[in-house]
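Student: In the numbering used here, the protein residues as written are 2 to 376.
For every residue, glycine included, the Cβ atom is placed at its ideal position computed from N, Cα and C.
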Ligand SMILES: Nc1ncnc2c1ncn2[C@@H]1O[C@H](COP(=O)(O)OP(=O)(O)OP(=O)(O)O)[C@@H](O)[C@H]1O
Ligand SMILES: [Mg+2]
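1) Let me check understanding here. Comparing Cα to Cα, which of 91, 278, 169 and 308 lies closest to residue 350?
2) Pick out every residue whose C-beta is nearer than 7 Å to a heavy atom of ligand 2: which are they, in chain order?
3) Distance check for residue 358 and residue 340, CA to CA, integer angstroms please.
4) Does the distance from the C-beta atom of residue 379 to that of residue 86 stay below 9 Å?
5) Could you tell me which residues DSSP pairs with residue 257 in its beta bridges?
6) Comparing C-alpha positions only, which one of 134, 281, 328 and 299 sits nearest to residue 317?
7) If you drop the 5 nearest sequence neighbours on each side, which residues of the same chain put their C-beta closer than 8 Å to that of residue 322?
8) In the DSSP output, which residue or residues are listed as bridge partners for residue 347?
9) Could you spell out where the beta strand (DSSP E) holding residue 1 opens and where it closes?
10) Any chance the CB of residue 25 is under 8 Å from a heavy atom of ligand 1?
11) Output the distance between the C-alpha atoms of residue 10 and residue 75, rounded to the nearest integer angstrom.
12) Looking at C-alpha atoms only, which residue of 310, 29 and 147 is the closest neighbour of residue 16?
13) For ligand 1, I want to know if residue 58 counts as a neighbour, meaning its beta carbon is within less than 8 Å of at least one of the ligand's heavy atoms.
14) Nearest to residue 152 by alpha carbon, out of 53, 168, 106 and 193?
15) Between residue 200 and the rest of its own chain, which residues show a CB-CB distance below 6 Å, the 5 nearest in sequence each way excluded?
16) Does ligand 1 have a heavy atom nearer than 8 Å to the CB of residue 162?
17) Under the three-state reduction of DSSP, which class applies to residue 204: helix, strand or coil?
18) In whole angstroms, what is the alpha-carbon distance linking residue 97 and residue 186?
19) Closer than 8 Å is the cut-off here; do at least three beta carbon pairs connect the segment 133-147 with the segment 55-69?
20) Do you know how far the Cα of residue 144 is from the Cα of residue 108?
21) Could you tell me if residue 374 is buried or exposed, where buried requires 16 or more neighbouring beta carbons within 10 angstroms of its beta carbon?
22) Can you check which of these residues, 161, 266, 184 and 89, is closest to residue 256 by C-alpha distance?
23) If you measure between the beta carbons of residue 253 and residue 301, is that distance less than 9 Å?
24) Have a look at the DSSP bridge pairing and note the partners of residue 300.
25) Select from 264, 376 and 120 the residue whose C-alpha is nearest the C-alpha of residue 295.
Here is the structure:
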């Protein structure tokens, strides 16, 4: 059958959705593997919920195809369309709104009643789902007499009660306070691992995405900009958007002064003739066509890769000098602003290193951690 390719559990091909002339989803293709936690990560309005709703069958794509375990769920060109209740998926929508006037049991049982599942089966499936989310014994509680985290679990149980092969979670932790979010994140991961259930998770929070996911698709304006495991997308961003969305960056302006035999770029920091500082940058990550000699570029590095030292230039290390411009105490560390040429870089500093404003310091950074981007 068409669609039975590779090890794709869920496959999207060229999924496109246009709302009133606005392209909300722009030809997305991706494969989710069985048993993995796959995350759509991106800023507000980039199309995450729309993709999820299309997969769940709540929205029809204008173009493209969806397959679950090789079976077509939607093929726009052939008029194939499987309704949501026949898709074997559980969805926890962005506003998970549980019914306040119903008990926990009835909240979870509701969908099964609508589908006319038998009395006994309902009892069994509901208690199974409540056990999975740690709410056994809460059956008779009013939904309003639950904490935020418990309500979140009811919403999750409501999706799990269908014994779905795929669970779709739309920003399930965003309504919780920071501490509860950490706890639920941990619980979700354990639940996903222990049940082997396939999870498609949506979030705009990069820490959440990186800590929960086996693989991440980073979305921007209806497109997938990069797909890979958390380390890949963090360490080897393919676009400036992915680079900046996934964490802090230090950016040094410069121009290409040469290329080493081993492929590293030799970058002159600042404008030509000024200062005469050079730094080596590996090309790893940046999807850049060979930058030309003399081309203006930005060199990017993650703050945790930068080491600050005082005194003389550290021998044998890839480093530049700068001047301490300011110091900020933020609890577990200092954040130190260092002026290098015209650029100000924010460097993390452990509490045992003391520097003074105006002091000359050196910033060392491994060339493999530096990427070169066109300006
Ligand atoms: N039913 C609709 N009618 C018209 N436009 C819509 C509709 N649903 C979504 N959109 C638009 O499509 C785009 C993508 O919306 P979507 O809800 O998928 O974004 P999102 O990534 O989930 O954002 P958020 O993080 O804020 O939830 C937005 O510009 C939104 O305004
Ligand atoms: Mg959304």
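Tutor: On the basis of the data shown:
1) Ranking the options by Cα distance to residue 350, first place goes to 308.
2) Every residue with a CB closer than 7 Å to a heavy atom of ligand 2 is listed here in chain order: 49, 50, 95, 171, 172 and 203.
3) Roughly 11 Å separates the two Cα atoms.
4) As displayed, the chain neither begins before 2 nor continues past 376, which places residue 379 out of reach and without an answer.
5) According to DSSP, which records beta bridges pairwise, residue 257 is partnered with 268.
6) The alpha carbon of residue 317 has as its nearest neighbour, out of 134, 281, 328 and 299, the alpha carbon of 281.
7) Taken in chain order, the residues that qualify are 278, 314, 341, 361, 362, 363 and 364.
8) In DSSP, residue 347 forms a bridge with 338.
9) An answer regarding residue 1 cannot be provided, because it is not within the stretch 2 to 376 covered by the chain.
10) Because some heavy atom of ligand 1 lies under 8 Å away, the Cβ of residue 25 counts as near it: yes.
11) Approximately 15 Å, taken between the alpha carbons.
12) Measuring from the Cα of residue 16, the nearest candidate turns out to be 29.
13) Relative to the non-hydrogen atoms of ligand 1, the Cβ of residue 58 never comes closer than 8 Å to any of them.
14) In this structure, 106 is the residue among 53, 168, 106 and 193 with its C-alpha nearest to the C-alpha of residue 152.
15) Cβ neighbours of residue 200 beyond the five flanking positions: 38, 168 and 193.
16) Of the heavy atoms belonging to ligand 1, none sits nearer than 8 Å to the Cβ of residue 162.
17) Assignment of residue 204 by DSSP, reduced to helix, strand and coil, places it in the strand class.
18) Roughly 16 Å between the two C-alpha positions.
19) Too few Cβ pairs lie closer than 8 Å, so no.
20) Approximately 8 Å between the Cα atoms of the pair.
21) With 16 or more other Cβ atoms within 10 Å, it is buried.
22) Here the closest residue by C-alpha is 266.
23) Contact: yes.
24) Answer is 253 and 373, bridged to residue 300.
25) Cα-wise, what sits closest to residue 295 is 376.
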